[in-house]
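I have placed the structure first, in the form of structure tokens, so that the comments after it can refer back to it.
2 protein chains.
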Amino acid sequence: MNDESKSSRTRQRILDAAAACFSELGYAGVNLRRIATRAKMKAGSLYYYFDSKDELVEEVIRVGLETAVRATRRAVQVLGPDADPIVKLRAAIAAHLTTILAESDYASADLRILAQLPEPIRKRHMERQRQYGAFWSSLLQRAAASGRLRRDLNLSVVRMLLLGALNWSVEWYSPDGETPGEIAEHLSAMILDGLLAKFTLGARHADDTSSGRREGKGKPRSARSARGRRTWRDRGS
Amino acid sequence: MNDESKSSRTRQRILDAAAACFSELGYAGVNLRRIATRAKMKAGSLYYYFDSKDELVEEVIRVGLETAVRATRRAVQVLGPDADPIVKLRAAIAAHLTTILAESDYASADLRILAQLPEPIRKRHMERQRQYGAFWSSLLQRAAASGRLRRDLNLSVVRMLLLGALNWSVEWYSPDGETPGEIAEHLSAMILDGLLAKFTLGARHADDTSSGRREGKGKPRSARSARGRRTWRDRGS
DNA sequence: GTCTATAATTCGATAGAC
DNA sequence: GTCTATCGAATTATAGAC
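Have a look at this one:
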């Protein structure tokens, strides 16, 4: 389906330009002239490759979702089928975050514009996303089945909140601050071990008493806190 | 500043209509005709109260932010200055979530449209949001100062991720599923105590061994899981 | 204050030259 | 394949009657 041939790479160039534009400016802020300019063309020429703006937009978010799916699935698969389900979860979190923050304009565009899209497009896209949601559900359910998770929480709600923390990061992330990997470590630490100190009254204790924290590629640190990270959006309300 | 007098309540009616429209349809999906119709007027009449669409929009998100700020601050204040900082945090989470999901079209509109707004408006609004961000920072810092929180995490990142989980809920929440209060309890449980079972190898244990979980108004339950909550958006990528 | 026009602009989309 | 030129629809904003 993907010819390397000729100038159907032009089509790719247009898609790249569109993904970048949408990722930066949202949906309402981008018109076809801007996309065309970024792709080094004139607006009218786009119609040689796409029948409508909607078709172009839908392709962008379709690729964006697929990119996130691939990256996340792969990050879990390389761990092997018998890996600790908690480790798998941490890997998925890191992969998802790295993809949407640093690797794919398509994936970040998907998140930033989906809510603004015409209803038919959104409906179709949400259908596609169910598979991805199911993938996360399965990760959580396996962790639960292994007995590693507490049993008093609704995993669907957990999944929504977890993905929310991940996805909202496209609204505040800045390359000047923590890396996506560091942010992922923070989130994993937060939701797996919790923010509360483990021995509230005890003396100083070793850093990783509880479980499942040694596996991460790096530990969350307060490092970098003091430098150029007073940034952009401290997203509030 | 707020005259109860005469038909400057018309102005209020317009703002209410606008907030509801923006909350439901995003920014791009709403035109002045729709807002006017909902306010039982014609589009041209809006200009008697607002000089431009931008002015109307900015007022909506300004009120939305203020509403969230007030509700959250109040929820913390009623606990008294000497309350457990963890309890304060839980109260703020519940108040923020209830406000954006159930109580204020303004607050949810703020979250849903901010990313789509013209740059000058967004810039001004982000300035206002810093105060709210500082409020959450202070909540977290007090909890940390009390020694209740682990010390290896950057609280700024924690705050962003926490607010992200909260704010993204406007994209998937449905009144048919868990209540805002139940979702808040889930999030508090997740980020404070963590998802991991406390005694990974032990026998069944009492539900609240660790700390700070008794205070919540209700416990998260898996209840309701089986019924009408297969809903809308399982927001993925 | 609210209405009915309508002006002015923007933007997606098309037509046709090259 | 890409361009220029332009149409047509939608939408913000204004003018003026009532």
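Protein sequence lines, in the order shown, are assigned to chains A and B. Going by this note's numbering, the first sequence opens with residue 787, and the numbers climb by one from there. Going by this note's numbering, the second sequence opens with residue 787, and the numbers climb by one from there. In this text, a Cβ means the ideal position worked out from N, Cα and C, and glycines have one as well.
inquiry  = Could you tell me which whole alpha helix (DSSP H) segments of length 4 or greater appear in the region 883-960 of chain B?
reply    = 891-899, 905-931, 941-953, 955-958
request  = Quick one: residues in its chain with C-beta nearer than 7 Å to the C-beta of A:Ser932, no 5 flanking neighbours on either side, listed in chain order?
outcome  = Pro871
ask   = Under 8 Å between C-beta atoms, does A:Ile821 make it to chain B?
value = no
message = For the region 931-945 of chain A, list every residue whose C-beta sits within 9 Å of some C-beta in chain B, in sequence order.
response = Gly933, Arg934, Leu935, Arg936, Arg937, Asp938, Leu939, Asn940, Leu941, Ser942, Val943, Val944, Arg945
inquiry  = Taking the alpha helix (DSSP H) that A:Val849 belongs to, which residues open and close that run?
reply    = 839-863
query = In terms of residues, what are the limits of the alpha helix (DSSP H) holding A:Phe808?
reply = 795-811
message = Could you check whether the Cβ of B:Ala989 sits closer than 8 Å to any Cβ belonging to chain A?
response = Reliability fails at B:Ala989, whose pLDDT of 49 lies under 50, so the model's placement of it is uncertain and no value is given.
task = Kindly list the residues whose CB is nearer than 8 Å to the CB of A:Arg795, restricted to its own chain and excluding five residues on each side of it in sequence; keep chain order.
result = none
request  = Quick one: grab the DSSP three-state call for B:Leu982.
outcome  = strand
query = For chain A, is any of its Cβ atoms less than 8 Å away from the one on B:Ser794?
reply = no
message = Quick check on the burial criterion: 16 or more other C-beta atoms within 10 angstroms. Buried or exposed for B:Gly998?
response = Reliability of the predicted coordinates at B:Gly998 is poor, the pLDDT of 44 falling under 50, and the value obtained from them is presented with this limitation in mind. B:Gly998 should be labelled buried.
ask   = Going straight from the alpha carbon of B:Arg820 to that of B:Asp891, what length do you get?
value = 16 Å
ask   = Among the residues of its own chain, which have a CB less than 7 Å from the CB of A:Ala929, if the five just before and after it don't count?
value = Pro871, Ile872, Leu875, Leu935
request  = For the alpha helix (DSSP H) containing A:Ser974, list its first residue and its last residue.
outcome  = 966-974
key: Simplified DSSP assignment, three categories, for B:Pro871   = helix
ask   = Whose Cβ in chain A lies nearer than 7 Å to the Cβ of B:Ala814?
value = Tyr813, Ala814, Gln902
ask   = Along chain A, which residues have their Cβ under 8 Å away from the Cβ of B:Ser960?
value = What B:Ser960 touches in chain A: nothing, since even the nearest Cβ is about 11 Å away.
ask   = Does any C-beta atom of chain A lie closer than 8 Å to the C-beta of B:Asn953?
value = yes
inquiry  = Please report whether the beta-carbon of B:Asp870 lies at a distance below 8 Å from any beta-carbon of chain A.
reply    = no
request  = Leaving aside the five residues before and after B:Ala806 along the sequence, list all residues of the same chain whose C-beta is less than 6 Å from its C-beta, in chain order.
outcome  = Asp891
ask   = Can a CB atom of chain B be found closer than 8 Å to the CB of A:Glu957?
value = yes
query = If we call anything under 8 Å between Cβ atoms a contact, is B:Ala877 one with B:Ile886?
reply = no
request  = Quick one: using the 10 Å Cβ neighbour count with 16 as the cut-off for buried, is A:Gly1002 buried or exposed?
outcome  = Unreliable positioning characterises A:Gly1002 in this predicted model, as indicated by a pLDDT of 42, which lies under 50. A coordinate reading is not provided.
request  = Decide if A:Val862 is buried, meaning its Cβ has at least 16 other Cβ atoms within 10 Å, or exposed.
outcome  = buried
task = Decide if A:Asn940 is buried, meaning its Cβ has at least 16 other Cβ atoms within 10 Å, or exposed.
result = buried
ask   = Taking 8 Å as the CB-CB limit, is A:Glu810 close to chain B?
value = no
task = Count the CB pairs spanning the region 977-987 of chain B and the region 969-978 of chain A that are closer than 8 Å, and state whether there are at least three.
result = yes
query = Going by the beta-carbon positions, is the gap between B:Ile847 and B:Ala895 smaller than 8 Å?
reply = yes
request  = Evaluate the contact criterion for the region 944-959 of chain A versus the region 943-950 of chain B: three or more CB pairs, one atom per stretch, below 8 Å.
outcome  = yes
key: Residue nearest to B:Gly967 in terms of C-alpha spacing, selected from B:Asn817, B:Ala881, B:Asp840, B:Met827   = B:Ala881
ask   = B:Arg876 versus chain A: which residues are under 8 Å apart at the beta carbon?
value = Within chain A, no residue comes near B:Arg876; the closest Cβ sits about 11 Å away, beyond 8 Å.
query = For chain A, is any of its Cβ atoms less than 8 Å away from the one on B:Ile969?
reply = yes
query = What does A:Arg797 reach in chain B if we use C-beta pairs closer than 8 Å?
reply = Here the premise fails: no neighbours, minimum Cβ distance about 22 Å.
ask   = If you count every other CB in all the chains shown that lies within 10 Å of the CB of B:Gly866, and 16 or more means buried, which is it?
value = exposed
Per-residue burial, A:Phe836 [other beta carbons within 10 Å of its own, 16 or more giving buried] = buried
ask   = Between the beta-carbon of B:Leu842 and the beta-carbon of B:Ala804, is there less than 8 Å?
value = yes
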